[in-house]
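What follows is one structure encoded as structure tokens, with my remarks underneath.
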Amino acid sequence: MDHNFQKDIAGCGLTGLISKKRERVSGSIIAKSLTLMNDRGNGLGAGYAAYGIYPDFADFYAFHIMYDVQSARFSVEEYIKEHFHVEKVEEIPTTPVKEIAINPLLVRYFISPSKGSITGDGNGEDFVVNAIMKINSEIDGAYVFSSGKNMGAFKGVGNPSVIAEFFRLDEYEGHIWTGHTRFPTNTPGWWGGAHPFTLLDWSIVHNGEISSYGINKRYLEMFGYKLALLTDTEVVAYLFDLLIRRHGLDVATACTILAAPFWKDIEDLDADEKEAITALRQTYSSALLNGPFSLLFGHQNGLVGINDRIKLRPLVAATKDDMVYMASEESAIRAICPAPDTVWAPRAGEPVIVELEN
Amino acid sequence: MFKSQAPPEYRATIDTDKCIRCKRCIQNCGWSVYDWGGDRVQIETSKCVRCLRCYHYCPTEAIEILKEETRFKENGYWSYNHIRNIKRQAETGGIPLTGMGCDREGTILFDHLMLDACQVTNPSIDPLREPMELKTFLGKKPSKLEFTKGKDGKRKLATKMPPNLELAAPIIFSPMSYGSISLNAQKVLARTAKECGILMNTGEGGLHEDLKPYTSNIIVQVASGRFGVNPEYLNAGVAVEIKIGQGAKPGIGGHLPGEKIPLEVAKARMIPVGTDALSPAPQHDIYSIEDLRQLIYAIKETTNYKPVSVKIATVHNVAAIASGIVRAGADIVYLDGFRGGTGAAPGIIRDHLGIPIEHALAAVDDRLRQEGIRNEASIVAAGGIRSAADAAKAIALGADCVAIGTAALMTMGCTLCGKCYTGNCSWGITTQRPELTVRLDPEVYAVRLSNLIRAWVHELMEVLGALGVNAIESLRGSRERLRGVGLDAQTLDMLGVKPAGR
């Protein structure tokens, strides 16, 4: 077992929006919101996640891969061709910007597991996850930073506006967007270290520090996750994957595990809830996320915002018609929605769960 | 009389100017060090064990117990104890006995591990203002849960939860039998366990009538002598523990001499008065892991599936053994490190067999995780837990809770004199002599022991707060919050802990 992992520490600002009626919104909107919170980051990392951006390839896993060296690309593509059907490969379109002197090679692949390759859960998701783990942990200089269907992450080292311009974010339209600007305190200055962190359709943007990182990591390792990304946010993405996809729990229950109610409050619940949450806290004690955080969790059917159990990081939510906004600061919401219908600060540990309408 | 070549270890002295001849020292000494000489107290210093009972009860502070200055010539290789033991063995042909845990110096890993704290990037939490949770559950946990949705859309638990023991804090009392300690000492443990929402353990001495009001805070133990075991006993507590071994004396049994078996002890143990109570070295129906499995399930059948704990001494191959124990069906694995205490053990066994709890704990927690069965059983770490700091570090290494024995006895007066096996304990703890046991008032001493637990609870909360977490489970197994100082690379790797500065 490799115990010699390093935890990356970072402070941050985050923002997100969702159209419940699946109206697609330009990436320039979320970039505007995030750019307002420039001072919550220090230019060492920003990123965005978007859902609904690849409707023409909605049945394929969209792998966004960054390569530090060309040789890594050969190794990865050899591996992918062996195990996947490749529908399309292209370099991710970018615009040169003066603030970014050096960037990794950025390539996206629309792929599906080839028949016969699939083992495990049968629908191929375990297979895809294993492939991601393998590429990220075994092929030096290659990193899969996005892997869901009809969604994608765009991130790198730079300010929010720079990263948005670089990735030509205004050319994408999605019905869920999240964004994140980063204030790393001991960054390796690595593009992969920026948020969002994603796995399949899950994406996480996170402001805070997971003080329980050590045990969360060891818990995930028991289930075969390999934590390679030098950051505590990674555990959040993998925990959602474990709880929702592999254990079949609903989003609300997953949130109950990650930001569990206090025992003193559990006492006051009705018998069924008391039994349920007591069992959750016993069984999933190692999945409790402790320490200050606010985070946005995007998935194929919605957007979730949640704070730690005593709200040590800010999170504000607002609604306007079918739109729901969540951000570190109210100003970031008002920058793109000047007159929201409602604005509120979600209570500690109480998730804001927004689902798309069918 | 033949004068022993093993000189006295201590020199008991009385300042005759200060002494008011009240004779309290004579009454209080369980070792007959003092006697009345007509006009002053006479001292037979070779009997003194430096338990300090007389010192505490002397009203004029006339007594001083000094280290005997007359010593063998100092030698960097032949220690005082080496020479002394040879002299004693030459005189008796016997095995020098010891009480309490190994007292040899040597690397104590707990003292080389430092806990983390928050600065700037994450806030520390003030336990006086914010909730701080220490509630701990011992027992098997499912690897995942299933729910059904009711008509009202509310979730309902569908998974049947295995029975668990609920603790208000991650501390329990280690097993100490009635016989090895007095009934009053057991009552102190039982009252405190109830008061503090934790557990005590009968040890292998049966369950005395007087403990029955406390059974919801008692684990009953089954060991190789099977003393006091019947179905009623097995069902009396909240869980049953099978004792395979003890950290202070791995691989050997126990011997409670007939002199320590008066009527009450005999009744609890279900043996005749005055007979030696012999606990064989192995359990004679457990010669293998599959035999253990049969006993675990025999007990579960008898108790309608209460949690079963299996206690082992930490020996070299502890990780594989613990894995086997979990796979054999145990709900709790109790690891007793080589520093663990005892009422009586041969010195050679106590001081030279087994491994420290820190190594064992790290190895067992790692192994159970590698095998994906860490949720199948809880780990209790014991054997030398001296403070809440040790407890916090043990929990960070992977323990669900710690067990304390020696520390608990200290609140009753124990000063670690290490002569428990003589049955003369002047504090009334490890003795059955009625004039001595009567000194230990359970009500009075339960307050002191409860104070200790409360103090450690506060300390653990302070540590959690400094770490910026508000639940004990966020420290459990979180070795990222530990750093090693002055440890070699191999030890750090084994512990899964980074060196300080990294």
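Each protein sequence line maps, in turn, to chains A and B. Position 71, counted from 1, in the first sequence is what this note's numbering calls 71; the numbers after and before it change by one each time, with no gaps. If you want this note's numbering, it's the 1-based position in the second sequence plus 1000. For glycine and all other residues, C-beta sits at the position ideal for the given N, C-alpha and C. Quick caveat: nothing in here was measured; it's all calculated off a predicted structure.
- Query: Taking DSSP as the reference, what is the three-state secondary structure of residue 38 of chain A?
  - Reply: helix
Inset, instruction - Apply the 10 Å Cβ neighbour rule to residue 1313 of chain B and answer buried if 16 or more other Cβ atoms are within range, or exposed otherwise. - result: buried
Can you have a look at residue 1444 of chain B and say buried or exposed, based on whether 16 or more other CB atoms are within 10 angstroms of its CB?
exposed
* Asked: Once you ignore the five residues that flank residue 1228 of chain B on each side, which residues in its own chain have a CB closer than 7 Å to its CB?
  -> 1205, 1206, 1207, 1268, 1269, 1270
- Task: Could you spell out the range, first to last residue, of the beta strand (DSSP E) harbouring residue 1401 of chain B?
- Result: 1401-1404
Worksheet entry | 8 Å CB neighbourhood of residue 948 of chain B in its chain, flanking five on each side removed | Because chain B is modelled from 1001 through 1502, residue 948 of chain B falls outside the range shown and cannot be assessed.
DSSP-derived helix/strand/coil call for residue 1015 of chain B | coil
Going by alpha carbons, who is nearest to residue 1141 of chain B out of B/1160, B/1272, B/1348, B/1381? Of B/1160, B/1272, B/1348, B/1381, the residue nearest in Cα terms is B/1160.
message: Determine, for residue 1461 of chain B, whether the minimum Cβ-Cβ distance to residues of chain A falls below 7 Å.
response: Judged by the 7 Å Cβ criterion, residue 1461 of chain B is not in contact with chain A.
Any beta carbon of chain B sitting closer than 7 Å to that of residue 349 of chain A?
no
* Assign residue 1128 of chain B to one of two classes, buried (16 or more other C-beta atoms within 10 Å of its C-beta) or exposed (fewer than that). => exposed
Self-check item: For residue 70 of chain A, three-class secondary structure by DSSP
Solution: The DSSP-derived three-state label of residue 70 of chain A is helix.
Item to check | Under 8 Å by beta carbon: chain A residues contacting residue 1145 of chain B | outcome: 247, 249, 279, 280, 283, 284
Residue 1092 of chain B CB to nearest heavy atom of the ligand FAD below 6 Å: Of ligands this structure carries none, so the ligand FAD is not represented either.
Pick from B/1393, B/1345, B/1398: whose alpha carbon is nearest that of residue 1364 of chain B?
B/1398
Mind pulling the chain A residues with CB within less than 7 Å of residue 1469 of chain B?
-> Those are 211, 212, 290, 291, listed as they occur along chain A.
Count the other CB atoms within 10 Å of the CB of residue 280 of chain A; is the residue buried (16 or more) or exposed (fewer)? buried
Along chain B, which residues have their Cβ under 7 Å away from the Cβ of residue 222 of chain A?
Per Cβ cutoff of 7 Å: 1369, 1372, 1374.
Taking 7 Å as the cut-off, decide whether the C-beta atoms of residue 1031 of chain B and residue 1424 of chain B are in contact. yes
Item to check | Below-7 Å beta-carbon distance, residue 140 of chain A vs any chain B residue | outcome: no
(message) Could you tell me the alpha carbon to alpha carbon distance between residue 30 of chain A and residue 167 of chain A, rounded to whole angstroms?
(response) 13 Å
*Are the C-beta of residue 1167 of chain B and some C-beta of chain A separated by less than 7 Å?*
no
task = Measure the CB-CB distance between residue 180 of chain A and residue 205 of chain A and report whether it falls below 7 Å.
result = yes
Q: Name, please, each residue of chain E whose Cβ falls closer than 9 Å to the Cβ of residue 1477 of chain B.
A: This model lacks chain E altogether; the protein chains it does include are A and B.
* What whole-angstrom Cβ distance do residue 1414 of chain B and residue 1404 of chain B have, given they're in contact under 8 Å? -> Wrong, their Cβ atoms sit about 12 Å apart, outside the cutoff.
Practice problem: List the endpoints of the continuous alpha helix (DSSP H) containing residue 207 of chain A. | Solution: Counted as a single uninterrupted DSSP element, the stretch harbouring residue 207 of chain A is not any alpha helix (DSSP H) but the beta strand (DSSP E) occupying residues 202-208.
In chain order, each alpha helix (DSSP H) run of at least 4 residues that lies wholly inside the stretch 312-354 of chain A: Runs found: 330-334.
* For residue 88 of chain A, go through chain B and note every residue whose CB falls closer than 8 Å to its CB, in chain order. => Here the premise fails: no neighbours, minimum Cβ distance about 37 Å.
- From what residue to what residue does the beta strand (DSSP E) around residue 1336 of chain B run? 1332-1336
*Taking only beta-carbon atoms, is residue 344 of chain A less than 7 Å away from chain B?*
no
Query - Residues that residue 1010 of chain B bridges to, as DSSP identifies them - result: B/1067
Going by the CB atoms, is the gap between residue 327 of chain A and residue 15 of chain A shorter than 7 Å? yes
Under the three-state DSSP convention, the category residue 126 of chain A falls into: helix
Go ahead and label residue 1092 of chain B buried or exposed: buried means 16 or more other beta carbons lie within 10 angstroms of its beta carbon, across all protein chains shown.
exposed
Member of B/1472, B/1029, B/1354, B/1007 whose CA lies at the smallest distance from the CA of residue 1072 of chain B = B/1007
Quick check: what's the CA-CA separation for residue 105 of chain A versus residue 71 of chain A?
11 Å
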